[in-house]
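In the UniProt record's numbering, the protein residues as written are 1 to 390.
Even glycine gets a Cβ: it sits at the ideal position worked out from N, Cα and C.
Here's the structure we're looking at; comments come further down.
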């Protein structure tokens with residue numbers, strides 16, 4: 001968000017989540033605004049990608065008493081969706097650019113049309129037995145020409161303009177030399193300043209940097225307690241933020257001094273699920289959900305000494321508020337409006353699986369939109385707009 005925002009506890013205006021709560025354990029798995037901000041993409045346990053348009057009234061500055069929004073598109077996969085991402089040049093004014101990629105269990109990478117919901121094409125990776133193998137992570141290059149895909153000890157790079165099986169392979173680990181980045185490549189992020197540079201996190205708790213012009217790994221970062229699930233560059237490319245499984249720390253790495261952790265932000269992560277975080281374009285604010293349903297915002301300019309750790313400083317929590325009644329696994333900042341989307345839910349089992357009277361645990365699978373007011377606004381600092389999947 002490009003303007004100064006005042007943070008204080010907000011009132012909730014609307015809260016509905018009818019569709020996902022009709023089916024037990026149909027929890028969400030993150031949410032992502034389109035690059036042009038016109039729509040929002042979600043992933044959920046029912047193997048469906050849903051697309052929601054930004055309410056038209058928001059364009060006119062109307063945020064009070066908005067009705068629930070419906071999914072305008074649903075794209076179903078036949079297996080668990082591992083990852084999904086928007087085409088970076090997406091603009092609703094140019095239909096050809098309106099697309100997104102997804103990867104799911106036992107399927108090739110799919111490129112979907114975000115206007116029609118139809119499948120445009122596939123990118124197929126094959127294993128040594130010449131059988132299709134699924135990518136575990138995805139990311140487009142910033143110019144949209146390449147699609148980076150993460151596999152077990154392997155990265156494959158597809159030319160977006162050439163669907164099919166042709167790709168460039170980058171082994172991340174050498175079995176003979178027993179070095180490199182091991183494990184499944186779980187997340188990928190392209191550098192915002194160097195078109196050839198990208199970072200990859202793995203479930204082996206490692207982050208490595210690669211270039212499209214070399215087969216060699218540039219460097220590796222280690223410091224997480226759990227497998228790395230999400231990484232993100234700062235807009236100026238000087239920092240990399242990373243988070244992991246059952247790991248309470250978001251680490252901020254100083255890329256001008258590789259291996260150095262500038263500061264840590266502490267959140268609550270108690271499961272293996274991917275808990276997304278997001279960063280404002282200016283880099284001042286970091287936001288993440290927590291296991292207890294709260295959402296925390298940090299001001300990256302406000303730190304305290306962090307003695308006894310490998311980090312120089314610890315970020316001070318700028319504001320924490322109650323966002324959902326279950327784990328907040330996704331947060332996404334709108335590219336132009338002072339608007340944040342958040343998603344919630346996790347897998348719940350019965351209290352006593354051996355009991356004849358199994359009682360489901362209360363669960364809440366919600367998508368919510370949060371409106372922030374500028375600091376000089378005379379009205380409430382921000383309102384909650386919670387929308388249902390329907």
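From the DSSP output, in three-state form, read off residue 393 for me.
-> Nothing can be reported for residue 393, as the shown portion of the chain is limited to 1 through 390.
Specify, as a first and last residue, the run of the beta strand (DSSP E) that residue 249 falls within.
-> 249-254
Taking all protein chains shown into account, do 16 or more other C-beta atoms lie within 10 angstroms of the C-beta of residue 347, making it buried, or fewer, making it exposed?
-> So residue 347 ends up on the exposed side.
Simplified DSSP state of residue 97, which is helix, strand or coil | Residue 97 falls in the helix class under three-state DSSP.
Straight-line gap, residue 246 to residue 272 (C-alpha atoms, nearest Å) = 6 Å
Same chain only: Cβ atoms within 6 Å of residue 341, ignoring 5 sequence neighbours per side | 31, 40, 332, 369
Closest to residue 152 by CA distance: which of 162, 117, 202 is it?
-> Selected option, being the one with the closest Cα: 202.
Where does residue 194 land, buried or exposed, given buried means 16+ other C-beta within 10 angstroms?
-> exposed
Alpha helix (DSSP H) segment containing residue 57, residue limits | 56-59
Evaluate residue 78 with the Cβ neighbour count: other Cβ atoms within 10 Å of its Cβ, from every protein chain shown; 16 or more gives buried, anything less gives exposed.
-> exposed
At which residue ranges does the region 83-161 contain complete beta strand (DSSP E) runs of 3 or more residues, listed in the order of the chain?
-> Taken in chain order, the complete beta strand (DSSP E) segments of 3 residues or longer contained in the region 83-161 are 99-104, 109-113, 119-123, 137-140, 146-151, 154-159.
From residue 355 to residue 154, what distance separates their C-alpha atoms?
-> Note that residue 355 scores a pLDDT of 46, beneath 50, so its modelled location is shaky; the value from the coordinates is reported in the next line. Residue 355 and residue 154: Cα-Cα distance of roughly 45 Å.
Please classify residue 64: is it buried, with 16 or more other beta-carbons within 10 angstroms of its beta-carbon, or exposed?
-> Exposed, since its Cβ has fewer than 16 Cβ neighbours within 10 Å.
Does the distance from the CB of residue 241 to the CB of residue 197 come in under 9 Å?
-> It is not a contact, given that the beta carbons lie outside the stated cut-off.
By how many angstroms is the C-alpha of residue 264 removed from the C-alpha of residue 302?
-> 12 Å
What is the residue span of the beta strand (DSSP E) that residue 331 lies within?
-> 328-333
Tell me where the beta strand (DSSP E) around residue 170 begins and ends.
-> Start and end: 168-171.
Distance, residue 101 Cα to residue 133 Cα | 16 Å
For the region 116-123 against the region 177-184, are there 3 or more C-beta pairs whose distance is under 8 Å?
-> no
Kindly indicate which three-state DSSP category residue 352 falls into: helix, strand or coil?
-> Reliability fails at residue 352, whose pLDDT of 44 lies under 50, so the model's placement of it is uncertain and the value that follows must be treated cautiously. Coil, per DSSP.
Between the CA atoms of residue 21 and residue 208 - distance to the nearest angstrom = 39 Å
Let me know the beta strand (DSSP E) ranges lying completely inside the region 162-229, each 3 residues or longer, listed in chain order.
-> Within the region 162-229, the complete beta strand (DSSP E) segments of 3 residues or longer fall at 168-171, 185-190, 197-202, 206-211, 219-222, listed in chain order.
With distances taken Cα to Cα, identify the nearest neighbour of residue 280 among 150, 105, 334.
-> Looking at the Cα atoms, 334 is the closest of the given residues.
Please confirm if the region 93-108 is in contact with the region 136-143, defined as three or more CB-CB distances below 8 Å between the two stretches.
-> yes
Residue span of the beta strand (DSSP E) that contains residue 371, given as start and end | 367-372
Buried versus exposed, by CB contacts within 10 Å (16 or more), residue 98 = buried
Only counting runs of 4 or more residues, tell me where the alpha helix (DSSP H) segments fall wholly within the region 32-73, in order along the chain.
-> Unbroken alpha helix (DSSP H) stretches of 4 residues or longer found wholly inside the region 32-73: 56-59, given in chain order.
Which class does residue 80 belong to by DSSP, given the choice of helix, strand or coil?
-> coil
Looking only at its own chain, which residues have a Cβ that is under 6 Å from the Cβ of residue 156, when we skip the five neighbours before and after it?
-> 125, 149, 167, 169
Is residue 352 buried or exposed, if buried means 16 or more other CB atoms sit within 10 Å of its CB?
-> Unreliable positioning characterises residue 352 in this predicted model, as indicated by a pLDDT of 44, which lies under 50. A coordinate reading is not provided.
Looking only at its own chain, which residues have a Cβ that is under 7 Å from the Cβ of residue 290, when we skip the five neighbours before and after it?
-> 267, 268, 296, 328
Work out the CA separation of residue 175 and residue 53 for me, nearest whole Å.
-> 47 Å
Going by C-alpha distance, which of 186, 111, 129, 205 is nearest residue 393?
-> Outside the modelled stretch of the chain, which goes from 1 to 390, sits residue 393, for which no answer is possible.
Taking the Cβ atom as the reference point for each residue, do residue 27 and residue 326 lie within a distance shorter than 9 Å?
-> yes
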